[in-house]
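Residue numbers in the sequence shown follow our numbering, run continuously in steps of one, and reach 289 at the last position.
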Amino acid sequence: MIKIDPSPIQKITFLGEVFLLKRDDLLDKDFSGNKARKFYSLLTYNFKGIDTIISCGGVQSNAMYSLSVLAKIKNLKFIYYSDHVPKYLLKNPIGNYKYALKNGMILKIEKDFKIPHSKSSLFIPQGGAFNLAEDGIKILANELKHLRDIDIFLPSGTGTTALYLQKHLHQKVYTCACVGDKEYLKKQFFSLESNKAKHPTILTLDKKYHFGKLYKEFYDIWLKLKRETKIEFDLLYDPLGWITLLKNRQKMGKNVLYIHQGGVIGNESMIQRYKRKFDENS
Ligand SMILES: *Cc1c(COP(=O)(O)O)cnc(C)c1O
């Protein structure tokens, strides 16, 4: 049985500035980061009459991997729908894809996936954007609410983590849109919480970045973070998170806490892609 203890908070210095860092990447080896928070309530969920978990999304998704761990622990079948598998992954299984298959995930490649309705299965929306995520994120909020004079920053995908954090915290929560744009993220917030006053504040950059694409400045800041802090951040969300935070630093208060939301297993495939593209001698 997985037990989720509070994750540590540590001080780091990056580019001459001190930040607090919430280490949700250290929650558990197999069930970590914000997916552990979002799927926390499923650890104690009453699966009576349910023998299958169904979800959908990309084949390198952190959510997919975390659900494969959950299904394994709970002795449930895990069916995952995706629209395609990149060739390089088929040839060389790696990262979340490899380990989710190892955990017994049944992968179905379908272009027009329709949400199945069956009494014996539980459907988890892509990326864990659902209201069952609130309980686990509330626990994260409880681990932060004692901090005074602090602003909180975390990068968003579906926005679920940032939204429920802001809902349960008196401190200000800042975020940025890594998937889609600001308008997409606002819509996501409204789909989970109609009261706009409880929404996080979205920070932006002038340049538009596409989710999952490789950018030299992403790889550079990720390497710099690793060199200066000795901590491995995620390569999909954290580079844009840190760039956005640093560019908008003056809009925030004196002290900032950054949430490390895990996702490091997914780096396996990202590092390979980045090395192939930007490291000359490898
Ligand atoms: C899933 C994920 C996110 C995005 O979380 P949302 O709740 O969808 O906004 C950010 N960082 C990492 C490392 C993730 O795995």
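In this text, a Cβ means the ideal position worked out from N, Cα and C, and glycines have one as well.
With a threshold of 8 angstroms, the Cβ atom of Leu139 does not count as near ligand 1, since no heavy atom of the ligand is closer than that. The closest heavy atom of ligand 1 lies 8 angstroms or more from the beta carbon of Leu264.
Here DSSP, grouped into helix, strand and coil, assigns Ser75 to helix. Taking Glu224 as the centre and dropping the five residues before and after it, the same chain places the C-beta of Pro246 and Ile250 closer than 8 angstroms to its C-beta, in chain order. The closest heavy atom of ligand 1 lies 8 angstroms or more from the beta carbon of Thr20. In the DSSP assignment, Ser163 forms a beta bridge with Ala184. Around the beta carbon of Gln257, a 10 Å sphere encloses fewer than 16 other beta carbons of the protein chains shown; the residue is thus reported as exposed. Listed in chain order, the non-local C-beta contacts of Thr165 below 6 angstroms within the same chain comprise Gly134, Ala136 and Gln195, local neighbours out to five positions each way being set aside.
Cβ neighbours of Ser62 within its own chain (closer than 6 angstroms, five residues either side excluded): Leu74, Tyr87 and Ile131. Around Val92, the same chain offers Val66 as residues with beta carbons nearer than 6 angstroms, after the five sequence neighbours per side are excluded. Distance from the CA of Leu154 to the CA of His206, rounded to the nearest whole angstrom, comes to 20 angstroms.
Collapsing the DSSP output to three states places Phe26 in a strand. For His177, same chain residues with a beta-carbon under 8 angstroms away, outside a window of 5 residues either side, are Lys152 in chain order.
No Cβ-Cβ contact shorter than 9 angstroms links Ser39 with Gly143. It is roughly 31 angstroms from the alpha-carbon of Ala184 to the alpha-carbon of Ile9. Taking the C-beta atoms as reference points, Tyr72 is found nearer than 9 angstroms to Tyr106. Membership of Gln195 in the alpha helix (DSSP H) is indicated by the continuous run Lys189 to Leu199. Rounded to whole angstroms, Tyr281 and Lys203 show a C-alpha spacing of 38 angstroms. Between Asn138 and Leu232, the gap from beta carbon to beta carbon reaches 9 angstroms or more. Shortest gap from the CB of Asn41 to any heavy atom of ligand 1: under 8 angstroms.
Apart from the 5 residues on each side of it in sequence, Pro162 sits with its Cβ closer than 7 angstroms to the Cβ of Thr182, Cys183, Cys185, Tyr244, Asp245, Leu247 and Gly248 in its chain, given in chain order.
In this structure, Gly111 keeps its C-beta atom at 9 angstroms or more from the C-beta atom of Lys81. In this structure, the beta-carbon distance from Ile60 to Lys126 does not fall below 9 angstroms.
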